[in-house]
Amino acid sequence: MMIFRNVQGNLIVFSFVLLFTFFIQPFPASACSCARPPDPLTAKDQSAAVFTGKVLQVNERIDWLRWLPFWDKPERGGFDVIFEVQSTWKGVDQTQVQIVTSGLGGSCGIPFQPGQEYLVYASYWELNELETNICTRTTIKSDAGGDLQALGPGAIPIRSTNLVWTDYVFTGIVVIIAVGILFYLFWFQTKRRR
(Lines of atoms letter the chains of each structure in order from A and count residues from 1; the text may use other names and numbers.)
(Lines give C-alpha, C1' and ligand atoms only; values in the text may rest on other atoms or scores of the structure.)
Protein backbone atom coordinates (compact mmCIF):
# COMPACT_ATOMS: atom_id res chain seq x y z
CA MET A 1 0.00 0.00 0.00
CA MET A 2 2.86 2.38 0.90
CA ILE A 3 4.68 1.59 -2.37
CA PHE A 4 1.52 2.30 -4.34
CA ARG A 5 1.21 5.79 -2.76
CA ASN A 6 4.86 6.63 -3.58
CA VAL A 7 4.43 5.52 -7.19
CA GLN A 8 1.15 7.42 -7.47
CA GLY A 9 2.76 10.57 -5.97
CA ASN A 10 5.70 10.30 -8.35
CA LEU A 11 3.35 9.94 -11.32
CA ILE A 12 1.45 13.06 -10.28
CA VAL A 13 4.68 15.08 -9.96
CA PHE A 14 5.93 13.73 -13.29
CA SER A 15 2.60 14.65 -14.95
CA PHE A 16 2.82 18.22 -13.68
CA VAL A 17 6.42 18.58 -14.84
CA LEU A 18 5.51 17.18 -18.23
CA LEU A 19 2.50 19.49 -18.50
CA PHE A 20 4.53 22.61 -17.67
CA THR A 21 7.25 21.80 -20.20
CA PHE A 22 4.76 22.67 -22.94
CA PHE A 23 4.59 26.23 -21.62
CA ILE A 24 8.34 26.84 -21.32
CA GLN A 25 9.76 28.85 -24.19
CA PRO A 26 13.31 28.01 -25.22
CA PHE A 27 15.83 30.84 -25.40
CA PRO A 28 17.24 31.36 -28.87
CA ALA A 29 20.87 30.37 -29.11
CA SER A 30 23.28 32.46 -31.09
CA ALA A 31 25.89 30.32 -32.70
CA CYS A 32 28.13 31.34 -35.50
CA SER A 33 27.72 29.31 -38.65
CA CYS A 34 29.45 30.48 -41.79
CA ALA A 35 29.33 29.39 -45.38
CA ARG A 36 32.65 29.35 -47.18
CA PRO A 37 33.50 32.96 -48.09
CA PRO A 38 33.62 33.83 -51.79
CA ASP A 39 36.82 34.61 -53.68
CA PRO A 40 38.44 38.03 -53.00
CA LEU A 41 36.95 39.86 -56.01
CA THR A 42 33.42 38.57 -55.35
CA ALA A 43 33.82 39.43 -51.66
CA LYS A 44 34.90 42.94 -52.69
CA ASP A 45 31.80 43.31 -54.90
CA GLN A 46 29.54 42.09 -52.06
CA SER A 47 31.12 44.36 -49.42
CA ALA A 48 30.44 48.03 -48.79
CA ALA A 49 34.05 48.68 -47.77
CA VAL A 50 37.37 46.92 -48.33
CA PHE A 51 40.61 48.32 -46.88
CA THR A 52 43.80 47.53 -45.01
CA GLY A 53 44.46 49.28 -41.74
CA LYS A 54 46.13 49.26 -38.37
CA VAL A 55 43.92 48.94 -35.27
CA LEU A 56 44.19 52.06 -33.10
CA GLN A 57 41.48 51.30 -30.54
CA VAL A 58 39.07 48.53 -29.58
CA ASN A 59 36.22 49.68 -27.34
CA GLU A 60 33.49 47.45 -25.95
CA ARG A 61 30.05 48.79 -26.78
CA ILE A 62 27.79 49.69 -23.88
CA ASP A 63 24.28 50.52 -25.02
CA TRP A 64 23.17 53.05 -22.39
CA LEU A 65 20.07 53.97 -24.39
CA ARG A 66 18.47 50.58 -23.75
CA TRP A 67 17.74 51.73 -20.18
CA LEU A 68 15.54 54.58 -21.41
CA PRO A 69 11.81 53.88 -21.16
CA PHE A 70 10.14 53.09 -24.47
CA TRP A 71 13.48 52.68 -26.28
CA ASP A 72 12.54 50.27 -29.05
CA LYS A 73 15.70 50.14 -31.13
CA PRO A 74 17.67 46.89 -31.04
CA GLU A 75 20.40 46.55 -28.46
CA ARG A 76 23.80 46.35 -30.03
CA GLY A 77 26.70 44.80 -28.16
CA GLY A 78 30.11 43.95 -29.49
CA PHE A 79 33.11 46.17 -30.12
CA ASP A 80 33.85 49.44 -31.92
CA VAL A 81 37.19 49.18 -33.70
CA ILE A 82 38.99 52.27 -35.01
CA PHE A 83 41.45 51.72 -37.85
CA GLU A 84 44.17 53.89 -39.34
CA VAL A 85 43.47 53.19 -43.01
CA GLN A 86 46.53 52.32 -45.13
CA SER A 87 45.01 51.32 -48.48
CA THR A 88 41.44 51.22 -49.71
CA TRP A 89 39.69 49.40 -52.54
CA LYS A 90 36.09 50.32 -51.85
CA GLY A 91 33.86 52.44 -49.61
CA VAL A 92 36.47 54.25 -47.48
CA ASP A 93 38.21 57.49 -48.41
CA GLN A 94 39.20 58.80 -44.98
CA THR A 95 42.36 58.16 -42.95
CA GLN A 96 40.46 56.63 -40.02
CA VAL A 97 37.33 54.51 -39.98
CA GLN A 98 35.24 52.79 -37.32
CA ILE A 99 34.07 49.22 -37.81
CA VAL A 100 31.73 47.24 -35.56
CA THR A 101 32.27 43.57 -34.79
CA SER A 102 29.97 41.37 -32.73
CA GLY A 103 30.84 39.94 -29.37
CA LEU A 104 33.32 37.11 -29.32
CA GLY A 105 32.49 33.44 -29.02
CA GLY A 106 29.24 32.35 -30.64
CA SER A 107 28.50 35.83 -31.99
CA CYS A 108 30.99 35.66 -34.87
CA GLY A 109 33.08 38.62 -33.68
CA ILE A 110 36.72 39.07 -34.66
CA PRO A 111 39.18 39.54 -31.77
CA PHE A 112 40.91 42.64 -33.18
CA GLN A 113 44.14 43.58 -31.40
CA PRO A 114 45.45 47.17 -31.15
CA GLY A 115 48.62 47.63 -33.19
CA GLN A 116 47.81 44.72 -35.57
CA GLU A 117 47.23 45.32 -39.29
CA TYR A 118 44.22 43.74 -41.02
CA LEU A 119 42.59 43.40 -44.40
CA VAL A 120 38.93 44.23 -43.70
CA TYR A 121 35.82 43.40 -45.71
CA ALA A 122 32.84 45.24 -44.15
CA SER A 123 29.16 45.74 -44.94
CA TYR A 124 26.25 47.79 -43.62
CA TRP A 125 23.98 45.54 -41.56
CA GLU A 126 21.51 46.04 -38.72
CA LEU A 127 22.12 49.61 -37.52
CA ASN A 128 23.57 51.13 -40.70
CA GLU A 129 27.14 50.87 -39.42
CA LEU A 130 30.06 49.21 -41.14
CA GLU A 131 30.36 45.74 -39.63
CA THR A 132 32.56 42.71 -40.12
CA ASN A 133 32.75 39.22 -38.66
CA ILE A 134 34.53 35.90 -39.03
CA CYS A 135 32.24 34.90 -41.90
CA THR A 136 33.87 37.52 -44.16
CA ARG A 137 37.37 37.38 -45.62
CA THR A 138 38.62 39.82 -42.95
CA THR A 139 42.00 38.60 -41.72
CA ILE A 140 45.39 39.69 -40.40
CA LYS A 141 47.23 41.49 -43.21
CA SER A 142 50.23 39.16 -43.05
CA ASP A 143 47.88 36.23 -43.84
CA ALA A 144 46.13 38.04 -46.71
CA GLY A 145 48.77 37.74 -49.43
CA GLY A 146 46.45 35.97 -51.90
CA ASP A 147 43.66 38.51 -51.34
CA LEU A 148 46.00 41.48 -51.70
CA GLN A 149 47.39 40.07 -54.93
CA ALA A 150 43.88 39.47 -56.33
CA LEU A 151 42.66 42.94 -55.29
CA GLY A 152 45.63 44.72 -56.85
CA PRO A 153 47.04 48.03 -55.66
CA GLY A 154 44.71 49.99 -53.42
CA ALA A 155 44.23 53.74 -53.21
CA ILE A 156 45.57 55.89 -50.40
CA PRO A 157 42.79 57.58 -48.38
CA ILE A 158 42.49 61.30 -49.11
CA ARG A 159 40.24 62.72 -46.36
CA SER A 160 41.95 63.28 -43.01
CA THR A 161 39.82 62.33 -39.97
CA ASN A 162 40.43 61.72 -36.28
CA LEU A 163 38.13 59.25 -34.55
CA VAL A 164 40.32 58.32 -31.59
CA TRP A 165 38.23 59.30 -28.56
CA THR A 166 41.18 59.95 -26.24
CA ASP A 167 42.13 62.90 -28.44
CA TYR A 168 38.62 64.31 -28.01
CA VAL A 169 38.73 63.78 -24.24
CA PHE A 170 41.97 65.76 -24.00
CA THR A 171 40.52 68.57 -26.14
CA GLY A 172 37.35 68.57 -24.05
CA ILE A 173 39.30 68.84 -20.80
CA VAL A 174 41.32 71.76 -22.17
CA VAL A 175 38.12 73.56 -23.27
CA ILE A 176 36.44 72.97 -19.89
CA ILE A 177 39.50 74.30 -18.02
CA ALA A 178 39.67 77.37 -20.31
CA VAL A 179 35.95 78.10 -19.83
CA GLY A 180 36.38 77.66 -16.05
CA ILE A 181 39.28 80.13 -15.98
CA LEU A 182 37.31 82.67 -18.04
CA PHE A 183 34.29 82.28 -15.76
CA TYR A 184 36.48 82.75 -12.68
CA LEU A 185 38.13 85.88 -14.17
CA PHE A 186 34.70 87.32 -15.07
CA TRP A 187 33.39 86.60 -11.57
CA PHE A 188 36.53 88.09 -9.97
CA GLN A 189 36.26 91.27 -12.09
CA THR A 190 32.57 91.80 -11.22
CA LYS A 191 33.26 91.18 -7.53
CA ARG A 192 36.17 93.66 -7.56
CA ARG A 193 34.03 96.42 -9.15
CA ARG A 194 31.54 96.29 -6.29
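In the working numbering, each residue carries its 1-based index in the sequence shown increased by 86. Every residue, glycine too, gets a C-beta built ideally from N, C-alpha and C.
Would residue i and residue j qualify as a contact pair, given that the criterion is a beta-carbon distance under 9 Å?
i, j, result
"Q172", "F137", "yes"
"K176", "K227", "no"
"G164", "V178", "no"
"V265", "P200", "no"
"A236", "P126", "yes"
"Y210", "G139", "no"
Can you give the beta carbon distance from residue i to residue j, rounded, assuming they're within the 8 Å contact cut?
i, j, result
"V250", "Q202", "About 16 Å; that fails the 8 Å criterion."
"S246", "T181", "5 Å"
Express the C-alpha separation of residue j and residue i in angstroms, rounding to a whole number.
i, j, result
"A241", "A208", "17 Å"
"L216", "V206", "10 Å"
"E170", "I244", "12 Å"
"D233", "V167", "22 Å"
"Y270", "N248", "32 Å"
"I263", "S119", "51 Å"
"T276", "F198", "54 Å"
"I267", "R278", "16 Å"
"F274", "T225", "59 Å"
"G81", "A121", "Past the edges of the chain, shown from 87 to 280, lies residue 81, and the structure says nothing about it."
"P239", "F272", "58 Å"
"N214", "T128", "22 Å"
Pick from the options: whose alpha carbon is nearest that of residue i?
i, options, result
"A218", "L127, D229, Q132", "Here the sequence assigns Thr to residue 218, which means Ala is not the residue at that position. Comparing Cα-Cα distances from T218 to each of L127, D229, Q132, the minimum goes to Q132."
"G195", "R122, D229, I220", "I220"
"A135", "D229, Y270, G231, R223", "R223"
"R147", "C120, S188, Y270", "S188"
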